[in-house]
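**Student:** The structure is given below, and queries will be raised subsequently.
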Amino acid sequence: MNMFLNGLKRSGLGPLLLLTILLAVVLPLSLDIFRLNLVGKYLTYAFVAVGLVMVWGYGGVLSLGQGVFFGLGGYAMAMFLKLEASDPITTKIQSTPGIPDFMDWNQITELPAFWLPFKSLPLTLILVIAVPTLLAWIISYAMFKRRVGGVYFAIITQAVSLIVTVLIIGQQGYTGGVNGMTDLKTVLGWDTRTDSAKYILYFVCVALLIASILLCRWVQKSKCGTLLLAMRDKEDRVRFSGYDVADFKIFTFCLAAALSGIGGALFALQVGFMSPSFVGIVPSIEMVIYAAVGGRLSLVGAVYGALLVNAGKTLFSESFPDLWLFLMAALFIGVTMAFPMGLAGLVESHIKPWWVRKQSERRLNAEKLAAAHASYPERPGSKLPPGVSGQQA
Amino acid sequence: MSNTDFALAVEDLTVSFDGFKAIDALTLYIDKNELRVIIGPNGAGKTTLLDLICGKTRASGGSIKFKNTELTQMAEHKRVRLGIGRKFQTPSIYENLSVFQNLEVSYPKGRSVFGALAFKCTDEVRAKVQVVAEEISLSDKLDTEAGLLSHGQKQWLEIGMLLMQEPELLMLDEPIAGMSARERELTAELLKRICANRAVIVIEHDMDFVKQIAHKVTVMHQGKILAEGSMDKVQNDPKVIDVYLGH
Numbered sequence: 018m019n020m021f022l023n024g025l026k027r028s029g030l031g032p033l034l035l036l037t038i039l040l041a042v043v044l045p046l047s048l049d050i051f052r053l054n055l056v057g058k059y060l061t062y063a064f065v066a067v068g069l070v071m072v073w074g075y076g077g078v079l080s081l082g083q084g085v086f087f088g089l090g091g092y093a094m095a096m097f098l099k100l101e102a103s104d105p106i107t108t109k110i111q112s113t114p115g116i117p118d119f120m121d122w123n124q125i126t127e128l129p130a131f132w133l134p135f136k137s138l139p140l141t142l143i144l145v146i147a148v149p150t151l152l153a154w155i156i157s158y159a160m161f162k163r164r165v166g167g168v169y170f171a172i173i174t175q176a177v178s179l180i181v182t183v184l185i186i187g188q189q190g191y192t193g194g195v196n197g198m199t200d201l202k203t204v205l206g207w208d209t210r211t212d213s214a215k216y217i218l219y220f221v222c223v224a225l226l227i228a229s230i231l232l233c234r235w236v237q238k239s240k241c242g243t244l245l246l247a248m249r250d251k252e253d254r255v256r257f258s259g260y261d262v263a264d265f266k267i268f269t270f271c272l273a274a275a276l277s278g279i280g281g282a283l284f285a286l287q288v289g290f291m292s293p294s295f296v297g298i299v300p301s302i303e304m305v306i307y308a309a310v311g312g313r314l315s316l317v318g319a320v321y322g323a324l325l326v327n328a329g330k331t332l333f334s335e336s337f338p339d340l341w342l343f344l345m346a347a348l349f350i351g352v353t354m355a356f357p358m359g360l361a362g363l364v365e366s367h368i369k370p371w372w373v374r375k376q377s378e379r380r381l382n383a384e385k386l387a388a389a390h391a392s393y394p395e396r397p398g399s400k401l402p403p404g405v406s407g408q409q410a
Numbered sequence: 002m003s004n005t006d007f008a009l010a011v012e013d014l015t016v017s018f019d020g021f022k023a024i025d026a027l028t029l030y031i032d033k034n035e036l037r038v039i040i041g042p043n044g045a046g047k048t049t050l051l052d053l054i055c056g057k058t059r060a061s062g063g064s065i066k067f068k069n070t071e072l073t074q075m076a077e078h079k080r081v082r083l084g085i086g087r088k089f090q091t092p093s094i095y096e097n098l099s100v101f102q103n104l105e106v107s108y109p110k111g112r113s114v115f116g117a118l119a120f121k122c123t124d125e126v127r128a129k130v131q132v133v134a135e136e137i138s139l140s141d142k143l144d145t146e147a148g149l150l151s152h153g154q155k156q157w158l159e160i161g162m163l164l165m166q167e168p169e170l171l172m173l174d175e176p177i178a179g180m181s182a183r184e185r186e187l188t189a190e191l192l193k194r195i196c197a198n199r200a201v202i203v204i205e206h207d208m209d210f211v212k213q214i215a216h217k218v219t220v221m222h223q224g225k226i227l228a229e230g231s232m233d234k235v236q237n238d239p240k241v242i243d244v245y246l247g248h
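Top line first, the protein sequences correspond to chains A and B. The numbering of the first sequence is the numbering used here, which starts it at 18 and goes up by one. The numbering of the second sequence is the numbering used here, which starts it at 2 and goes up by one.
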């Protein structure tokens with residue numbers, strides 16, 4: 018047991034193990050399925066936050082458009098689910114049966130060509146990752162190869178998220194417009210709305226999230242991660258050491274986009290709809306806040322950030338319908354003012370030193386006790402040599 | 002321009018910033034195994050010349066050839082991969098990484114993204130780090146965070162990071178700035194050792210230091226070359242005395 022604990026300490030996987038236990042054991046046992054499903058929804062945002070830790074915390078590039086990639090992944094999944102929900106029998110009252118209902122309302126009589134790949138589940142799963150990654154590659158290649166960075170990059174990502182939202186809302190016949198895609202029911206005939214399906218989807222979400230964190234940790238521990246830290250510090254030194262700095266930024270940005278896409282797909286599956294309200298500027302900025310609250314250098318912290326902010330959002334909006342936006346704002350301002358490195362920074366600066374102090378106090382007490390035992394060697398009934406009983410204390 | 006036997010051939014190089022010619026039709030040849038020192042008053046264009054060679058600044062005209070390969074249109078990281086190393090004026094190291102990591106990251110393997118992901122710190126890399134660390138007198142500081150080093154040690158560390166890459170042309174911009182007398186001596190010895198298999202260009206103001214290390218000295222003034230030759234010859238040149246050394 019002790020060896021196991023020491024190994025855990027050395028590898029630095031302790032916090033991740035704790036998170037896994039919380040998500041996979043504690044929460045499922047203590048929450049009803051409605052609440053657990055909500056946690057599952059929050060966890061889909063955690064994918065985005067984890068990606069932001071890589072691209073913003075590690076890569077030093079702030080993106081205010083992660084909602085786009087979350088949305089693209091979500092829409093890819095939702096399109097598959099929508100097609101399955103629109104079989105010719107359930108849609109026989111439409112003028113063109115067999116196409117999604119919103120297309121029928123918009124006088125579209127044939128399934129558009131770009132919808133066709135979403136008839137296949139394997140293709141959809143590939144596109145969930147491929148589409149956000151491809152868009153991220155185009156944006157980041159165009160920007161980073163021209164050495165656009167910092168605030169300018171943030172503004173451009175923001176513009177992209179606005180453009181994509183306008184596009185989705187404007188092309189109602191192809192995308193479902195402002196209502197998004199609703200009435201998503203089954204995956205290959207498996208009903209995702211039942212309690213058991215919700216449990217299964219929750220655990221799939223947790224497993225994929227932990228896998229994503231492990232993947233990001235592997236990147237961080239590799240030379241690639243060291244180079245990202247080096248670039249954040251002295252970009253020119255990295256460039257003049259023979260590295261194409263842009264390539265590393267592009268890679269990180271694409272990685273974050275791919276993770277966001279997975280999060281979006283899981284969102285569509287667990288919540289049962291997808292709409293432009295998860296794509297635009299406001300949700301994109303909120304996602305940055307999850308990472309900021311959790312601590313932008315901590316992968317595990319980002320998950321707690323996403324959980325805490327969203328739990329706060331739900332709690333405040335249920336209890337104080339008129340005030341909740343103000344309370345959320347107070348939380349954001351409070352966190353950034355009081356702990357600029359987020360919850361993870363708080364743990365590093367307060368909890369860990371406290372724990373170390375506590376440990377050494379305990380050791381000191383044990384020694385004192387041992388000393389006390391040692392000074393009364395002839396305790397009645399005690400046949401043990403004094404040192405041993407002291408050690409037991 | 003014709004091909005040459007020189008390590009570096011700069012011919013007719015010009016760069017102008019809004020009409021101001023920081024480098025004006027400059028021609029300069031550096032031999033293999035040569036240690037060249039460039040001196041000159043402030044604003045003469047010394048640092049700009051290094052910027053042009055390593056690619057930090059783009060030339061407006063002229064040619065820079067390294068081992069007969071034209072550099073002027075080449076991306077910076079590709080010039081480095083050809084064998085050009087540049088040390089910046091202020092020590093440019095990764096403050097948050099350890100000395101070991103600073104050197105390891107400079108090892109010229111795994112330079113692409115996927116190469117870096119697959120990169121393993123093998124015994125070969127460790128051995129190389131050890132050799133370079135001894136060369137720059139930092140072998141007992143490998144685990145120290147680089148930000149905690151003294152100014153002089155930071156300068157050495159950056160030189161060490163360049164040595165990791167075995168460059169054939171090494172450019173050092175004021176390597177002894179901010180160093181103590183003892184550190185200067187050690188640096189002079191270091192420079193004499195490392196110029197064995199490569200060409201080295203050093204920009205320096207400290208004339209005693211220049212005397213110690215230079216094979217040949219180039220004096221720059223207003224973007225042009227004022228004089229070139231041995232230290233004695235340059236020091237006695239009336240033009241040089243006039244604009245730089247003083248009477």
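Note that CB positions come from ideal geometry on N, CA and C, so glycine has one too.
1. Drop a sphere of 10 angstroms on the beta-carbon of Leu170 (chain B), count the other beta-carbons inside from all chains shown, and report buried for 16 or more, exposed for fewer.
2. Over what stretch of residues does the beta strand (DSSP E) that includes Arg199 (chain B) continue unbroken?
3. Please classify Glu252 (chain A): does DSSP put it in a helix, a strand, or coil?
4. Got a sec, what are the start and stop residues for the beta strand (DSSP E) Val16 (chain B) sits in?
5. Excluding the five sequence neighbours on either side, which residues of its own chain have a C-beta within less than 7 Å of the C-beta of Ala275 (chain A), listed in chain order?
6. So with CB distances below 7 Å, who are the chain A contacts of Phe120 (chain B)?
7. Gly278 (chain A) and Leu89 (chain A) look like a contact to me (Cβ under 8 Å); what is the Cβ gap, rounded to whole Å?
8. Scan the stretch 245-278 of chain A for residues whose Cβ lies nearer than 7 Å to a Cβ of chain B and list them as they occur along the chain.
9. Within the 8 Å Cβ cut-off, does Thr192 (chain A) reach chain B?
10. Pairs of beta-carbons, one from the stretch 156-163 of chain B and one from the stretch 135-146 of chain B, closer than 8 Å: are there three or more?
11. Can you find a C-beta in chain B that's less than 8 Å from the C-beta of Thr243 (chain A)?
12. Report yes if the CB atom of Met160 (chain A) is closer than 8 Å to the CB atom of Ile172 (chain A), and no otherwise.
13. Taking Ser93 (chain B) as the query, report the chain A residues whose CB atoms sit under 8 Å from its CB, ordered along the chain.
14. Take Leu104 (chain B) and list the residues in its own chain whose beta-carbon comes closer than 7 Å to its own, dropping the five residues that flank it on each side.
15. Looking at Ser99 (chain B) and Thr70 (chain B), is the spacing between their C-beta atoms short of 8 Å?
16. Report buried or exposed for Leu316 (chain A), applying the criterion of at least 16 other Cβ atoms within 10 angstroms of its Cβ.
17. Can you find the residues in the same chain that come closer than 7 Å, C-beta to C-beta, to Thr28 (chain B), ignoring five residues on each side of it along the sequence?
18. State yes or no: is the beta carbon of Val67 (chain A) nearer than 8 Å to at least one beta carbon in chain B?
19. Run through DSSP, which three-state label would Glu229 (chain B) get?
20. In whole angstroms, what separates the C-alpha of Leu226 (chain A) from that of Leu30 (chain A)?
21. Among A:Gly351, A:Val305, A:Met291 and A:Thr331, which residue has its Cα nearest to the Cα of Leu98 (chain A)?
22. Interface residues of chain B around Val236 (chain A) at Cβ under 9 Å?
23. Of all the options B:Asp243, B:Gln154 and B:Ala197, which has the alpha carbon lying nearest to the alpha carbon of Ala176 (chain B)?
24. So Ala102 (chain A) and Asp253 (chain A) are in contact, right, with Cβ under 8 Å, and what is the actual spacing, rounded?
25. Any beta carbon from chain A within less than 8 Å of Leu72 (chain B)'s own beta carbon?
26. In the DSSP assignment, find the unbroken alpha helix (DSSP H) run with Ser64 (chain B) in it and report its ends.
27. Out of curiosity, what's the CA-to-CA distance linking Ser239 (chain A) and Thr61 (chain A)?
28. For Ile31 (chain B), which option in B:Thr91, B:Ala8 and B:Trp157 has the closest C-alpha, if you only look at C-alpha atoms?
29. Going along chain A in order, which residues have a C-beta closer than 8 Å to the C-beta of Leu277 (chain B)?
30. Taking 8 Å as the CB-CB cut-off, is Pro176 (chain B) touching chain A?
31. Can you round the beta-carbon distance between Gly115 (chain A) and Thr126 (chain A) to whole angstroms, since I take them to be within the 8 Å contact cut?
32. Going along chain A, which residues have a C-beta under 7 Å from His78 (chain B)?
33. Looking at the structure shown, is Ile165 (chain A) part of a helix, part of a strand, or coil, going by DSSP?
34. From the beta carbon of Met180 (chain B), is the nearest beta carbon of chain A less than 8 Å away?
35. What number of angstroms, rounded off, separates the C-alpha of Pro300 (chain A) from the C-alpha of Gly41 (chain B)?
36. Closest to Arg249 (chain A) by CA distance: which of A:Cys271, A:Leu314 and A:Ile230 is it?
**Tutor:** Inspection of the coordinates gives the following:
1. Here residue 170 (chain B) refers to the residue found at position 169 of the second sequence. By the 10 Å Cβ count, Leu170 (chain B) comes out buried.
2. Taking the second sequence and counting its residues from 1, the one referred to as residue 199 (chain B) is at position 198. In the DSSP assignment, Arg199 (chain B) falls outside any beta strand (DSSP E) and carries neither an H nor an E.
3. Here residue 252 (chain A) refers to the residue found at position 235 of the first sequence. In this structure, Glu252 (chain A) counts as helix in the three-state DSSP scheme.
4. Residue numbering aside, residue 16 (chain B) sits at position 15 when the second sequence is read from its first letter. Where Val16 (chain B) is concerned, the enclosing beta strand (DSSP E) stretches over Leu9 to Phe18.
5. On the first sequence, residue 275 (chain A) is found 258 positions in, with the first residue counted as 1. Correct list, in chain order: Ile146, Pro149 and Thr150.
6. Walking along the second sequence from the start, residue 120 (chain B) turns up at place 119. Simply Ser239 and Lys240.
7. Counting from 1 along the first sequence, the entry for residue 278 (chain A) is found at position 261. Counting from 1 along the first sequence, the entry for residue 89 (chain A) is found at position 72. Going by Cβ atoms, the distance from Gly278 (chain A) to Leu89 (chain A) rounds to 6 Å, so yes, they are a contact pair.
8. Of all residues in the stretch 245-278 of chain A, Leu246, Ala247, Asp250, Lys251, Asp253, Arg254, Arg256, Phe257, Ser258, Gly259, Tyr260, Asp261, Asp264, Phe265 and Phe268 have a Cβ within less than 7 Å of some Cβ in chain B.
9. Taking the first residue of the first sequence as 1, we reach residue 192 (chain A) at position 175. With 8 Å as the cut-off, Thr192 (chain A) does not count as an interface residue toward chain B.
10. Segments in contact, yes.
11. As a position in the first sequence, residue 243 (chain A) is number 226, starting the count at 1. Flagged as an interface residue toward chain B: Thr243 (chain A), by a C-beta distance shorter than 8 Å.
12. Your numbering for residue 160 (chain A) matches position 143 in the first sequence. Your numbering for residue 172 (chain A) matches position 155 in the first sequence. Cβ atoms of Met160 (chain A) and Ile172 (chain A): not closer than 8 Å.
13. Indexing the second sequence from 1 puts residue 93 (chain B) at position 92. Going along chain A in sequence order, the residues near Ser93 (chain B) (Cβ under 8 Å) are Lys251, Asp253 and Arg254.
14. Sequence index remark: in the second sequence, residue 104 (chain B) carries index 103 (1-based). Contacts found: Val130, Val133, Ala134, Gly161, Met162 and Met165.
15. If you number the second sequence from 1, residue 70 (chain B) lands on position 69. If you number the second sequence from 1, residue 99 (chain B) lands on position 98. For Thr70 (chain B) and Ser99 (chain B), no; Cβs fall outside 8 Å.
16. Walking along the first sequence from the start, residue 316 (chain A) turns up at place 299. Flag for Leu316 (chain A) reads buried.
17. In the second sequence, residue 28 (chain B) corresponds to position 27, counting from 1. Counting only Cβ-Cβ distances below 7 Å, and skipping sequence neighbours, we find Val11, Glu12 and Asp13.
18. To locate residue 67 (chain A), count along the first sequence from 1; it is residue 50. Output row for Val67 (chain A): interface = no.
19. Taking the second sequence and counting its residues from 1, the one referred to as residue 229 (chain B) is at position 228. The three-state secondary structure of Glu229 (chain B), taken from DSSP, is strand.
20. In the first sequence, the residue the question calls residue 226 (chain A) occupies position 209. In the first sequence, the residue the question calls residue 30 (chain A) occupies position 13. Cα-Cα distance, rounded: 15 Å.
21. What you label residue 98 (chain A) is simply residue 81 of the first sequence in a count that begins at 1. Looking only at A:Gly351, A:Val305, A:Met291 and A:Thr331, the smallest Cα-Cα distance to Leu98 (chain A) is reached by A:Met291.
22. Taking the first residue of the first sequence as position 1, residue 236 (chain A) is located at position 219. Simply Leu118.
23. Start at 1 with the first residue of the second sequence, and residue 176 (chain B) comes out as number 175. The identity of residue 176 (chain B) in the sequence shown is Pro, whereas the question assumes Ala. Nearest in C-alpha terms to Pro176 (chain B), of all of B:Asp243, B:Gln154 and B:Ala197, is B:Gln154.
24. As a working note, residue 102 (chain A) is residue 85 in the first sequence. As a working note, residue 253 (chain A) is residue 236 in the first sequence. At roughly 54 Å, the Cβ-Cβ gap does not stay under 8 Å, so Ala102 (chain A) and Asp253 (chain A) are not in contact.
25. Indexing the second sequence from 1 puts residue 72 (chain B) at position 71. Not one chain A Cβ lies under 8 Å of Leu72 (chain B).
26. For this step, residue 64 (chain B) is matched to residue 63 along the second sequence. For Ser64 (chain B), there is no enclosing alpha helix (DSSP H); the residue is part of the beta strand (DSSP E) that begins and ends at Gly62 to Phe67.
27. In the first sequence, residue 239 (chain A) corresponds to position 222, counting from 1. In the first sequence, residue 61 (chain A) corresponds to position 44, counting from 1. For Ser239 (chain A) and Thr61 (chain A), the distance between alpha carbons rounds to 26 Å.
28. By 1-based counting over the second sequence, the position of residue 31 (chain B) is 30. For Ile31 (chain B), the nearest C-alpha among the options comes from B:Ala8.
29. Chain B is shown only over 2 to 248; residue 277 (chain B) falls outside these bounds and no answer can be derived.
30. Within the second sequence, the letter at position 175 stands for residue 176 (chain B). Judged by the 8 Å Cβ criterion, Pro176 (chain B) is not in contact with chain A.
31. The residue labelled residue 115 (chain A) in the question sits at position 98 within the first sequence. The residue labelled residue 126 (chain A) in the question sits at position 109 within the first sequence. About 11 Å; that fails the 8 Å criterion.
32. Counted from its first residue, the second sequence places residue 78 (chain B) at position 77. Result: Arg256, Gly259, Tyr260 and Asp261.
33. What you label residue 165 (chain A) is simply residue 148 of the first sequence in a count that begins at 1. Contrary to the premise, residue 165 (chain A) reads as Val rather than Ile in this sequence. It is coil, neither helix nor strand.
34. Working through the second sequence from its first residue, we reach residue 180 (chain B) at position 179. The Cβ of Met180 (chain B) sits no closer than 8 Å to any Cβ of chain A.
35. Within the first sequence, residue 300 (chain A) is the residue found at index 283, counting from 1. Within the second sequence, residue 41 (chain B) is the residue found at index 40, counting from 1. Whole-angstrom Cα-Cα distance: 57 Å.
36. Position 232 of the first sequence holds residue 249 (chain A). In terms of CA proximity to Arg249 (chain A), A:Leu314 leads the group A:Cys271, A:Leu314 and A:Ile230.
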